[in-house]
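Input: a single structure, listed below in structure tokens.
Protein chains: 2
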Amino acid sequence: MSANSRLTIAAHTLAWIGLYQRQGHEVATSEQIAGSANTNPVVIRRLLGELREAGLVESRRGAGAGWSLTRDLASMTLLDVYDAIEPGPLFALHRASPDEGCVIGHGIQPALQDVYAGIECTVRTELSKTTLEDVLQAVLAVPR
Amino acid sequence: MSANSRLTIAAHTLAWIGLYQRQGHEVATSEQIAGSANTNPVVIRRLLGELREAGLVESRRGAGAGWSLTRDLASMTLLDVYDAIEPGPLFALHRASPDEGCVIGHGIQPALQDVYAGIECTVRTELSKTTLEDVLQAVLAVPR
DNA sequence: TCAATCGTAACGATTATGGTTACATCCAGA
DNA sequence: TCTGGATGTAACCATAATCGTTACGATTGA
Chain H
28 MSANSRLTIA AHTLAWIGLY QRQGHEVATS EQIAGSANTN PVVIRRLLGE
78 LREAGLVESR RGAGAGWSLT RDLASMTLLD VYDAIEPGPL FALHRASPDE
128 GCVIGHGIQP ALQDVYAGIE CTVRTELSKT TLEDVLQAVL AVPR
Chain P
28 MSANSRLTIA AHTLAWIGLY QRQGHEVATS EQIAGSANTN PVVIRRLLGE
78 LREAGLVESR RGAGAGWSLT RDLASMTLLD VYDAIEPGPL FALHRASPDE
128 GCVIGHGIQP ALQDVYAGIE CTVRTELSKT TLEDVLQAVL AVPR
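For the protein sequence lines, the chains are H and P, in the order given.
Residue numbering for the first sequence follows the working numbering, starting at 28 and increasing by one per position.
Residue numbering for the second sequence follows the working numbering, starting at 28 and increasing by one per position.
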């Protein structure tokens, strides 16, 4: 596998719930979403649990249980989702500390940290430009 | 581990070779670099092999062997390095195809692909703004 | 020839992701 | 009060990427 499909599954999930609610339903179940995303309901529940901690969705238990959005898709950006599922940094530094006695080893981490921080910042800015409503509209615009 | 430290190790390696050559040495060995980066020489050789395929470094075998840059650090950007070590996409789509019979399942991949492509584009642009010479200068500017 | 270094295969450890099963918990509605 | 359906979560396994390590053949200047 390797790369993160978590943001993809999360966006899929939120768009699905949003459309389902727009069709008049109150709550969506993890099983329905898993069917659409072609994965396991537990995977969806795990992910939705993280989105709930971030305040993007809420769940009801018991009979007639399921998941619903806490606010409109237009007020959720991909950055909100990204932060909710807390991926690690895009680029990591050395896994073992470099040799501090070496000029390069001493200065490389602060130097790269600055560069990496700048890149993460632009990625976050880009993510914040797309709302889940944008995603849903783009989905609906795809020709059959 | 999780995140990629490959770009970090590659930048460390190139900066190290660049500084070493600037000090009058012809070639650097994987063992020297591994000492500075606190890793194993084989890890460095593997990485340098990929950089060589991209034309950034060259190697000499036999006695007095080692690695040298093919061009100045000022003409190498982090994007060159990034492309050389070929990381996968930043964000992946679904690992299993979503349900094409579902409106969301049908349109979600094209919709997200556009967003992801835009983000990768900005990341690449950012990476291309920093040369390895910039990195080396930033390293040397770190106070002891 | 020899010593140093690359080139590379092979194997194991660690980690992230995610698929699956299982089961306790909860609660609206009969 | 029961019960069915769904959540909440633990547990385990599979897969894959990265990395550390050992080992050894290939190369080549001295």
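For each residue, glycine too, the CB sits at the ideal point set by N, CA and C.
Below 6 Å CB to CB, which residues in the same chain sit around residue i once its five sequence neighbours on both sides are set aside?
i	result
histidine 39 of chain P	Ala64
leucine 41 of chain H	Leu159
alanine 24 of chain H	Residue 24 of chain H falls outside the range modelled here, since chain H spans only 28 to 171, and no answer is possible.
glycine 145 of chain P	none
alanine 92 of chain H	none
tyrosine 143 of chain P	Phe118
leucine 46 of chain P	none
Using a Cβ-Cβ cut-off of 8 Å, state whether residue i counts as contacting chain P.
i	result
histidine 52 of chain H	no
tryptophan 13 of chain H	The question about residue 13 of chain H has no answer, for chain H in this structure spans 28 to 171.
threonine 149 of chain H	yes
alanine 101 of chain H	no
valine 166 of chain H	yes
leucine 105 of chain H	yes
alanine 37 of chain H	no
valine 108 of chain H	no
proline 125 of chain H	yes
glycine 93 of chain H	no
Can a CB atom of chain H be found closer than 8 Å to the CB of residue i?
i	result
threonine 66 of chain P	yes
threonine 158 of chain P	no
isoleucine 112 of chain P	no
arginine 171 of chain P	yes
alanine 90 of chain P	no
valine 130 of chain P	yes
arginine 72 of chain P	no
glycine 145 of chain P	yes
glutamate 2 of chain P	Since the first residue shown for chain P is 28 and the last is 171, residue 2 of chain P is missing from the structure and cannot be characterised.
leucine 46 of chain P	yes
serine 57 of chain P	no
leucine 75 of chain P	no
threonine 97 of chain P	no
serine 29 of chain P	Annotation note: pLDDT 40 at serine 29 of chain P (below 50); position unreliable, coordinate value reported separately. Yes, contact with chain H.
valine 142 of chain P	yes
arginine 122 of chain P	yes
valine 32 of chain P	Looking at the sequence itself, residue 32 of chain P is serine, so the reference to valine does not match. Judged by the 8 Å Cβ criterion, serine 32 of chain P is in contact with chain H.
valine 162 of chain P	yes
leucine 139 of chain P	yes
What is the residue span of the beta strand (DSSP E) that residue i lies within?
i	result
valine 169 of chain H	Neither: valine 169 of chain H is in no beta strand (DSSP E) and is coded neither H nor E.
glycine 93 of chain H	93-96
valine 84 of chain H	84-87
Go through its chain and collect everything with a Cβ distance to residue i's Cβ below 8 Å, but skip five positions before and after it.
i	result
glutamate 147 of chain H	Pro116 and Leu117
threonine 157 of chain P	Thr104 and Leu105
leucine 74 of chain H	Arg33, Ile36, Ala37, Thr40 and Ile112
leucine 78 of chain H	Ala37, Thr40, Leu41, Val84, Val108, Ala111 and Ile112
methionine 28 of chain P	Because the pLDDT at methionine 28 of chain P is just 42, under 50, the model does not fix this residue reliably, and the point stays unresolved.
So, at 7 Å on beta carbons, what are the nonlocal neighbours of residue i in its own chain, with the 5 sequence-adjacent residues on each side left out?
i	result
leucine 106 of chain P	Arg151, Leu154 and Ser155
leucine 139 of chain P	Leu120
asparagine 31 of chain P	Pro114
histidine 133 of chain P	Glu127
proline 68 of chain P	Ser57, Glu58 and Ala61
Assuming residue i is part of the alpha helix (DSSP H), what are its boundary residues?
i	result
serine 57 of chain P	57-64
serine 102 of chain P	First-last for serine 102 of chain P: undefined, no H or E at that position.
glycine 134 of chain P	130-155
leucine 120 of chain H	Note, leucine 120 of chain H: premise wrong, no alpha helix (DSSP H); not H, not E.
glycine 76 of chain H	68-80
glutamine 48 of chain P	33-49
Mind reading off the beta-carbon distance from residue i to residue j? Whole number of angstroms is fine, and I expect it under 8 Å.
i	j	result
leucine 131 of chain H	tryptophan 94 of chain P	For the record, residue 131 of chain H in the displayed sequence is isoleucine; it is not leucine. Not quite, the Cβ-Cβ distance comes to about 15 Å (not below 8 Å), so this is no contact.
threonine 97 of chain P	alanine 123 of chain H	That belief does not hold up - the Cβ atoms of threonine 97 of chain P and alanine 123 of chain H are roughly 28 Å apart, past 8 Å.
aspartate 141 of chain H	alanine 165 of chain P	7 Å
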